[in-house]
Structure formats: structure tokens, C-alpha cells
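Peer 1: First, the structure itself, so that you have it in front of you.
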Amino acid sequence: MIVTFAHMGNLWVVVKTILEDLGVEVVVPPRPSRKSLDLGVRHSPEFACFPLKLNIGDFIGGLERGAEAVVMVGGVGPCRLGHYAQVQEQILRDLGYRCEMIVLEPPRGRLSDLLAKVRYLTGNKPLGRVWRAVRFGLEKLSALDALDQALARVRPLERGPGPAEDVHRRAVGAVAAAADVGTVRRAAAEGVRAIEGCVSPEAAGDGAAVLRVGLVGEIYMVEEPFANQELERRLGGLGVEVRRAVYLSDWVRTHLLPNPFRLGRRCRTSLVRRAAAPYLGHFVGGEGLVSVGESVLLSREGYDGVIHVAPFTCMPEIVASSLLPEVSRDLGLPVMSLFLDEHTAEAGLVTRIEAFVDLLARRRAAREAGARPPAAQGKARSAT
Amino acid sequence: MTRGPFPWLREGSAVGLPRALLYYELYPFWRGFFEELGFRVVDSGPTSREVLEAGVREAVDEACLPVKAFYGHVVSLRDRVDAVFLPRLVSLERGTYTCPKLLGLPDMVRHNISRLPPAIIADFDETRPGKGLKEAAVRLARRLGRGARLARAAVARGLESLALFRKALWSGLWFESAVQEARRAEGRGGVMRPRAAGRPVSGLQAPGRRAPEPAARRAGRLRVGLVGHSYNLFDPGVNLGLCEKLRRLGCDIVTSESLSEEEVRAESVKMPKEIFWSSGRRVLAAVSRFRREGLVDGIIHIESFGCGPESMVGEIAERETRRQSRMPYMVLTVDEHTGEAGLLTRLEAFVDLIERRRDGRGGRGREEAG
Chain A
1 MIVTFAHMGN LWVVVKTILE DLGVEVVVPP RPSRKSLDLG VRHSPEFACF PLKLNIGDFI
61 GGLERGAEAV VMVGGVGPCR LGHYAQVQEQ ILRDLGYRCE MIVLEPPRGR LSDLLAKVRY
121 LTGNKPLGRV WRAVRFGLEK LSALDALDQA LARVRPLERG PGPAEDVHRR AVGAVAAAAD
181 VGTVRRAAAE GVRAIEGCVS PEAAGDGAAV LRVGLVGEIY MVEEPFANQE LERRLGGLGV
241 EVRRAVYLSD WVRTHLLPNP FRLGRRCRTS LVRRAAAPYL GHFVGGEGLV SVGESVLLSR
301 EGYDGVIHVA PFTCMPEIVA SSLLPEVSRD LGLPVMSLFL DEHTAEAGLV TRIEAFVDLL
361 ARRRAAREAG ARPPAAQGKA RSAT
Chain B
1001 MTRGPFPWLR EGSAVGLPRA LLYYELYPFW RGFFEELGFR VVDSGPTSRE VLEAGVREAV
1061 DEACLPVKAF YGHVVSLRDR VDAVFLPRLV SLERGTYTCP KLLGLPDMVR HNISRLPPAI
1121 IADFDETRPG KGLKEAAVRL ARRLGRGARL ARAAVARGLE SLALFRKALW SGLWFESAVQ
1181 EARRAEGRGG VMRPRAAGRP VSGLQAPGRR APEPAARRAG RLRVGLVGHS YNLFDPGVNL
1241 GLCEKLRRLG CDIVTSESLS EEEVRAESVK MPKEIFWSSG RRVLAAVSRF RREGLVDGII
1301 HIESFGCGPE SMVGEIAERE TRRQSRMPYM VLTVDEHTGE AGLLTRLEAF VDLIERRRDG
1361 RGGRGREEAG
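The listed protein sequences correspond, in order, to chains A and B.
The opening residue of the first sequence carries number 1 in the working numbering; numbering runs sequentially from there.
The opening residue of the second sequence carries number 1001 in the working numbering; numbering runs sequentially from there.
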């Protein structure tokens, strides 16, 4: 059985590593592009959220390259992700693809169901063997997150388009190709060093002057540069250091792994919950609560502003975007919500980002001059 | 936050119920419950143009029309009540959720609406033991300063009203008529009039007070299956008078609300994975019954623009219908920008189509969503 899956940032490296480690043949679909998006949009429900449409494009890409099965995650609600598989299966079936959908659902309710799926997918490999492969995959994930973080730090210090992007891409390739934990760690360390070597000499001491923006929102939109129109690269080019509130390795630890291994992240989870409580007192599915809580935490950590990204019509993030203007007002933290989908025009987005960065820069300058900073509140929300 | 005791509320204080969203599922419960506790229940009234406009002004752009309508109803209660009731309805049935937006609704409302009357916020969650409607309502009554016995009595009264109301809905009554019928039955010690009792799915629903004729189709009239969220089906302010328009075009209406809970469950377990939105389960169950048993001449699915659950459920329903039958199926998406003229044109076209179909004059199966 040849398996394909959907892209989400660097995730392909991890999925490929785990599956191949377990002897499953894998087809990695081409990176999301205008072409795959067009395919996805054509065959998906009009009001499905953006990630579903991009997934469909990826699946078609993989199936056209010989895959016979699609593996993806499921969920137990109330976010739509939990029903992606059912809808996507129908779409692919109506398109005439004879493929199997293997849905790995988070272990709530019956753990045995998840294990049965895993056994089926891996051709009955012993669970210990599966666990070793997963751990190796996660090792790579942490390495990739470290590379992304290094790139985010270095971009604003590059002063114009420099080699950091290429160095980063090569480092990702090295991590992807690594065959054991030692090599992964070495590749990551070397990669981080090489990326940091790209700082332009005249900017070397400017670290403290760089504007810092936290990125919160729906995990797919945060992680997938094609979906968020390369938000991080654009902000980096404008001299802004971007930190995602949740990196994929954090997300996997909180969502997909059994209890004992997410202790550290759990602390953060309860911190987030407490920070969000004055605004939102209940989980709302997806990352809605996290977006609110992390925005509060980012403000406490001294970030200059927060950008909130979500797919158009995303339910949990609509709740968050209703509450973020309050967070913004209370904490004096500029927040911009971006709802993105296939209709988002690049020029409009760039203008909004530039205006936002401008606002942050003026506030920083005013604060340093001891004056009252300009108001954090513009109209902090708007559609695509 | 308005938690804890509510000292300003006394016997006869007015508690406002915004007439939107799950009001259409639970109104009889809330009314019975609060009345038994000695409060005066104030209903915010029909969804008018002004209500919608106020809602559109106060809510984020991305919110769906029913949520905006809810905002508008809260605004309209502003100076009329001592407290507004904002239940957080997480789950109405084990294994299901309502919708993420409803999970955040009380927080959205209390932060987004200025000069909000004091809010009574309580969480209701059937997925967690001890947090369901019954138990949470008892706790709410206690928080409102009532004794344990009265609290239990109020919940019992609410549940009784709710059960009667649901029975009336399944018998084919329209929302308002079902509310009235339930109320009358309460006066008679829970006895429903025979024609209103126990006639699931096959019963017809028609706006208006009269209980409809039984399953036999009325001569010359078409029958349309109308599926969607109850707040879209039953609120003419949100659906632009869709039902009245259909009726004028010579159609009788059967809605997804006329399935009993058992019927919904029986259909739902047949799915490869049960839908975890309660409304979605109902819609899919209704569509598959309508289609399989040929209970209607065509199906109209009314959705709110940007509705998350419906974007998924509707897609499954539409694809299955198309694959397994020639039943005409139309998706109507409404929001605050939908024009009545456009809606009417589409309805006329659809009714034309199902009429031709019924009279054996063919015609293609489906109209595209737009």
C-alpha cells in the first residue's frame, strides 16, 4: 500500500520519516501551490474552511503520483477538522479515485481503535517498534522547529534578501535525510549555526531593536506558509521577528500523544487557560482558546504586537477574533486578525501587514522617547 | 463577570430570553424553569429589521447571521429586563456538540455589547457527567438563591414543558403552534390533543395554528423537505420568510425538526462516523429519510453564509442524495445581504422543477447552489 498525506509546513518530513521507518511506502505530494489550490477549490464545498481545500489539492497530487491510500488525523469536535475525512472521502470517491482513507483519531474514547488503525497502516508492526519510529519523527520535528525559530530570528537582521532562506532550506533537507537521532541533532545544530551566520555584519548588535510579533491562530494557517501567504517571510523582510505561539512540536505533544509525555506542555496549557479566562471561559474547539490566551501571554512577555491568522469562516477563531479587540484594549497590545482564503489578494494583505508594522514601529519609538504610544486599536479586524 | 449570587434579582424580576439560536430548541424549558422560580420571562420578540441591524453593528463581520441576530436580540432586551439569560450550550446530547461559536457566545456577547443588562451565564454540557441540562439547571437555580426543593421543581417543570413541546414538534406542528399546544397540554395535565400526538416524520408542517392534515398528500400541493438549523427554519426574520413564500407557491413543508430523537439516532448510527454536531445529525437523518422513503418531492437545505457545520454536513447530504437518487436538492445560503427578490426567483425555479418532475415531465435533477 502506497500512502500519501497532506502538507502542513514541515510536517511532511516527520510523516515521511515515521512511515518509511515502519516500512510503509510513501508518496509526498508536491508542495501546495496555485495549481493544487485551484484543484482543491474546484472540488471542495464552497464554504469549507481553507485547509480542507488545500488538503484536497495535496491528496489529488499524491494520488496522481501513485498513492493508494490517504492518511490523516481526525478529531472529536466541535471543530470541523474532525469531519474532514468524511467529506474528503466523498469528494475523492466522486472524482473516481479508488483510495482508502486511514484516519488517525486522537486517543479519546477507545484507544484500541487508534491502535488498530496504526497496526493496519504499518502492516502489524509491534507497538514498541511504532513508538520508536514516532519518537524519531518527533526528534526531527523538534529539530525543524529549532531551524524555523533560528530563521525567524535572523530574517530581520539580514538587511534585505540574503542567504538565510537558502541555508534554512538546505538544513531542512539535511534533517529530512538524517537516518538516526545523532545525525538529526548534528544537522539541526549545524543548521542553526549556519542560519545565524547569515546576520549581516552591520546589524549584528541590533537584536534588541528588532520588533517582535507573536503569531497566533489556527494551527494550519500558522504553520503552512503557502496558506498564510508567507506571512513570516514578509514580516521578516520588514524587520520583524516572528514567534509562533504554538509550534508544531508543541501541538503534537498536546494533541496526539498520550498523557505522560506532554507534561511540560500541559503546564503551558493551563497557563493559557488562565490567561484567557477573563475573556473566554470555555474551550471552543480548535485553537480558539489558545489564540486568546497566548495573546495575553505574549503581551506579558513584551511582544510588540500579535497577528492572528485563521481560515475564513473558521468557527473557533471567529470567537477569538470577537474577543481579541478586548484583549488589545485592556493590555495596550496591537492585534490584527487576518481571515484568509483562496480569495485573499496579495497586495491587500501586504498593505495591511505594512501598516501594522508601521504602527508597531511608531509605538516602539514613542515608548522609547517616553511619550504615550499611539493607540493599540485600529479596527483590529476585517475580512479578506 | 456575573457569576455567583444575583442580589438584584427578586420575585417577579424580568429575565430576558433572546429569541435566537437555540431558543428554538429550548424555549419551553427556560420559560417553565424561570417561571417556576418566580421570575417574569421576557421574550425579545420576533427578529425585525432593527434587531438584525443592531446585531450586524455589534458582532464581528465574520460571524454568521444567526449569531448576529442573537446579538440584536440581546440589544433589544437592553432596557426591558433585570437580567439577560446567556446559556452556554456546549452539548445537548451525549457525544455531540452544538457549534464552536455557541461555546463562546456568552463571552462574545458580554464583551462586544455595551450597556449589557446584567447577564446570567451558565454552562450546559451533556458530554460531561453532572454538567448536563438537568443538573446544571438545578445548580443555576441554587445560584439564583432558590432552595433545593424549588430548584428541582423548576427543572421538572421545564423538562415537562420541553417534552410536550418536542412531542408537538414531531407531530408536525410549526414552532409557535408547538409552543402553544404544549402550553395547553400542560393545562390539561400533560394530555395532548389526539391529532397533535405522535405522528412522526410523515406529518406535515405548515406555518399557522391549525394542525395539518395527516400523511396523505393534499391534492395538488407539492411537498418540500426543508432541512437546516431550527433557528433558520423557524425564524422568518433570518430566513426571509422562506416558509411563507413556499406555502404561497403551493408547497407543504416537512422540516428536519419533525424527526424524533430516536429517529435521528437510528439514522445517525448508520454513518461510518457519527456527526458530532447535534444539528448536523438531524439534518443528515432527515435528508436520508426523505430521500429513501420518497416522503417529499424535493429537498431544500437552508444554510447560513459561513456556517461551519453546515458546510460539511450539507456537502455530505448533497453528494449522497445526488449519488443515490434523483431527488431535487437545493442549497439556499442566506445572510444579511440576501435579497428577497433573488430568493423568490430561486424558489420559483425550484418549485417549477419539482412540479415538472412530479408530473412526469422530467427535468434535470438538481439546481446548483449559489
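Glycine included, every Cβ here is placed at the ideal spot set by N, Cα and C.
How about G82(A): is its C-beta nearer than 8 Å to some C-beta of chain B?
Peer 2: Start at 1 with the first residue of the first sequence, and residue 82(A) comes out as number 82. So yes, G82(A) belongs to the interface.
Peer 1: For the region 1302 to 1314 of chain B, enumerate the residues whose C-beta is nearer than 9 Å to any C-beta of chain A, in chain order.
Peer 2: Those residues of the region 1302 to 1314 of chain B that come within reach of chain A (Cβ to Cβ, closer than 9 Å) are E1303, F1305, G1306, C1307, G1308, P1309, E1310, S1311, M1312, V1313 and G1314.
Peer 1: Can you look up G1225(B) in the DSSP assignment and give me helix, strand or coil?
Peer 2: Here residue 1225(B) refers to the residue found at position 225 when the second sequence is read from its first residue. Note: G1225(B) maps to strand in three-state DSSP.
Peer 1: Please state the DSSP three-state secondary structure of L1380(B).
Peer 2: This structure does not reach residue 1380(B), given that chain B is present from 1001 up to 1370, and the question cannot be answered.
Peer 1: Comparing the C-beta of V41(A) with each C-beta of chain B, is any distance below 8 Å?
Peer 2: Taking the first residue of the first sequence as position 1, residue 41(A) is located at position 41. It does not: the Cβ of V41(A) has no partner Cβ on chain B nearer than 8 Å.
Peer 1: State the Cα-Cα distance for the pair R262(A) and T254(A), rounded to the nearest angstrom.
Peer 2: The sequence position of residue 262(A) within the first sequence is 262, counting from 1. The sequence position of residue 254(A) within the first sequence is 254, counting from 1. Residue placement at R262(A) is flagged as unreliable, the pLDDT there being 48, under the threshold of 50; the coordinate-derived value follows with that caveat. One C-alpha to the other measures close to 6 Å.
Peer 1: Give a yes or no on whether 8 Å exceeds the smallest Cβ distance from W1008(B) to chain A.
Peer 2: Counted from its first residue, the second sequence places residue 1008(B) at position 8. Chain A contact via Cβ: absent.
Peer 1: Roughly how many angstroms separate the alpha carbons of H1229(B) and P1129(B), rounded to a whole number?
Peer 2: Your numbering for residue 1229(B) matches position 229 in the second sequence. Your numbering for residue 1129(B) matches position 129 in the second sequence. Roughly 26 Å separates the two Cα atoms.
Peer 1: Mind checking if I318(A) is an interface residue toward chain B, Cβ cutoff 8 Å exclusive?
Peer 2: If you number the first sequence from 1, residue 318(A) lands on position 318. Yes - at least one Cβ of chain B is within 8 Å of the one on I318(A).
Peer 1: Is the beta carbon of V3(A) sitting closer than 8 Å to the one on V24(A)?
Peer 2: Taking the first residue of the first sequence as 1, we reach residue 3(A) at position 3. Taking the first residue of the first sequence as 1, we reach residue 24(A) at position 24. Yes. Within cutoff.
Peer 1: Is it true that the CB of A1020(B) sits closer than 8 Å to the CB of F1070(B)?
Peer 2: As a working note, residue 1070(B) is residue 70 in the second sequence. As a working note, residue 1020(B) is residue 20 in the second sequence. In contact: F1070(B) and A1020(B) (Cβ atoms closer than 8 Å).
Peer 1: Which residues does DSSP pair with Y1329(B) in a beta bridge?
Peer 2: Your numbering for residue 1329(B) matches position 329 in the second sequence. Paired residue(s): I1299(B).
Peer 1: Counting only beta-carbon separations shorter than 8 Å, does H1111(B) have a partner in chain A?
Peer 2: Start at 1 with the first residue of the second sequence, and residue 1111(B) comes out as number 111. For H1111(B), the answer is yes, since a Cβ of chain A falls inside 8 Å of its Cβ.
Peer 1: Please list the terminal residues of the continuous alpha helix (DSSP H) segment that includes R1346(B).
Peer 2: Here residue 1346(B) is taken as the residue at index 346 of the second sequence, counted from 1. R1346(B) -> alpha helix (DSSP H) spans E1340 to R1358.
Peer 1: How long is the line joining the alpha carbons of P1066(B) and A150(A), rounded to whole angstroms?
Peer 2: Along the second sequence, read from residue 1 onward, the residue named residue 1066(B) stands at position 66. Along the first sequence, read from residue 1 onward, the residue named residue 150(A) stands at position 150. If you take the alpha carbons of P1066(B) and A150(A), they lie about 45 Å apart.
Peer 1: So, does the CB of S249(A) fall closer than 8 Å to a CB anywhere in chain B?
Peer 2: Residue mapping note: residue 249(A) aligns to position 249 of the first sequence, counting from 1. Chain B contact via Cβ: absent.
Peer 1: Just to confirm my understanding: we take R42(A), look at its own chain, exclude 5 residues before and 5 after, and list those with CB closer than 6 Å. What are they?
Peer 2: The residue labelled residue 42(A) in the question sits at position 42 within the first sequence. If we look at R42(A) and ignore the five residues flanking it on each side, it has no Cβ neighbours.
Peer 1: Is there contact between the region 137 to 152 of chain A and the region 44 to 51 of chain A, where contact requires at least three CB pairs shorter than 8 Å?
Peer 2: Output reads no: the region 44 to 51 of chain A does not touch the region 137 to 152 of chain A.
Peer 1: Based on Cα-Cα distance, which residue from L360(A), D38(A) and R34(A) lies nearest to G214(A)?
Peer 2: As a first step, residue 214(A) must be located in the first sequence, where it is residue number 214. Closest option to G214(A), Cα to Cα, is L360(A).
Peer 1: Can you list the residues of chain B that Y279(A) reaches, using a CB-CB cut of under 9 Å?
Peer 2: Taking the first sequence and counting its residues from 1, one reaches residue 279(A) at position 279. By Cβ distance, chain B contributes D1107 and H1111.
Peer 1: Provide the residue span of the beta strand (DSSP E) that contains C1099(B), from first to last.
Peer 2: Looking up residue 1099(B) in the second sequence gives position 99. Taken as a continuous stretch (DSSP letters only), C1099(B) belongs to no beta strand (DSSP E), as it is neither H nor E.
Peer 1: Contact between the region 1296 to 1310 of chain B and the region 1322 to 1336 of chain B is defined here as three or more beta-carbon pairs at a separation below 8 Å; is this criterion met?
Peer 2: Touching, yes, given that three or more Cβ pairs across the two stretches are closer than 8 Å.
Peer 1: Does DSSP put P311(A) in a helix, in a strand, or in coil?
Peer 2: Translated into the one-based positions of the first sequence, residue 311(A) becomes position 311. If DSSP states are grouped into helix, strand and coil, P311(A) belongs with the strands.
Peer 1: Tell me the DSSP bridge mates of E241(A)?
Peer 2: Mapped onto the first sequence, residue 241(A) falls at position 241. Per DSSP, R212(A).
Peer 1: Secondary structure at G217(A), three-state DSSP: helix, strand or coil?
Peer 2: On the first sequence, residue 217(A) is found 217 positions in, with the first residue counted as 1. G217(A) falls in the strand class under three-state DSSP.
Peer 1: Please list the partners that D1123(B) has in chain A, where partner means a Cβ-to-Cβ separation under 7 Å.
Peer 2: Reading the second sequence from its first residue, position 123 is the one you call residue 1123(B). H282, listed in chain order.
Peer 1: Quick one: grab the DSSP three-state call for D206(A).
Peer 2: Counted from its first residue, the first sequence places residue 206(A) at position 206. Coil, per DSSP.
Peer 1: Under 6 Å Cβ to Cβ from E223(A), same chain only, skipping five residues before and after it: list those, please.
Peer 2: Counting from one through the first sequence, the residue named residue 223(A) turns up at place 223. If we look at E223(A) and ignore the five residues flanking it on each side, its Cβ neighbours are M8, G9 and L248.
Peer 1: Take G236(A) and list the residues in its own chain whose beta-carbon comes closer than 7 Å to its own, dropping the five residues that flank it on each side.
Peer 2: Your numbering for residue 236(A) matches position 236 in the first sequence. Excluding sequence neighbours, G236(A) sits near A152, R155, P156 and V242.
Peer 1: Opposite P225(A) in the DSSP bridges: which residues?
Peer 2: Numbered from its first residue, the first sequence carries residue 225(A) at position 225. Looking at the DSSP assignment, P225(A) forms no beta bridge with any residue, so it has no partner.
Peer 1: Take the Cβ of H308(A) as the centre, count every other Cβ of all protein chains shown within 10 Å, and call the residue buried at 16 or more, exposed below.
Peer 2: In the first sequence, counting from the first residue as 1, residue 308(A) sits at position 308. Under this definition H308(A) is a buried residue.
Peer 1: Beta-carbon of V3(A) versus every beta-carbon of chain B: anything under 8 Å?
Peer 2: The residue labelled residue 3(A) in the question sits at position 3 within the first sequence. Cβ-Cβ to chain B under 8 Å: no for V3(A).
Peer 1: Please list, in chain order, the chain B residues whose beta carbon lies closer than 7 Å to that of G288(A).
Peer 2: The residue given as residue 288(A) occupies position 288 in the first sequence. Chain B residues near G288(A): P1100 and G1104.
Peer 1: Tell me, to the nearest whole angstrom, how far the beta carbon of T1255(B) is from that of V1283(B); I am working on the premise that it is less than 8 Å.
Peer 2: The residue you call residue 1255(B) lines up with position 255 of the second sequence. The residue you call residue 1283(B) lines up with position 283 of the second sequence. Going by Cβ atoms, the distance from T1255(B) to V1283(B) rounds to 10 Å, so no, they are not a contact pair.
Peer 1: Please report the distance separating the alpha-carbon of F283(A) from that of P1100(B).
Peer 2: Indexing the first sequence from 1 puts residue 283(A) at position 283. Indexing the second sequence from 1 puts residue 1100(B) at position 100. C-alpha separation (whole angstroms): 8 Å.
Peer 1: Where DSSP assigns a beta bridge to G404(A), which residues make up the other side?
Peer 2: There is simply no residue 404(A) to check, as chain A begins at 1 and stops at 384 in what is shown.
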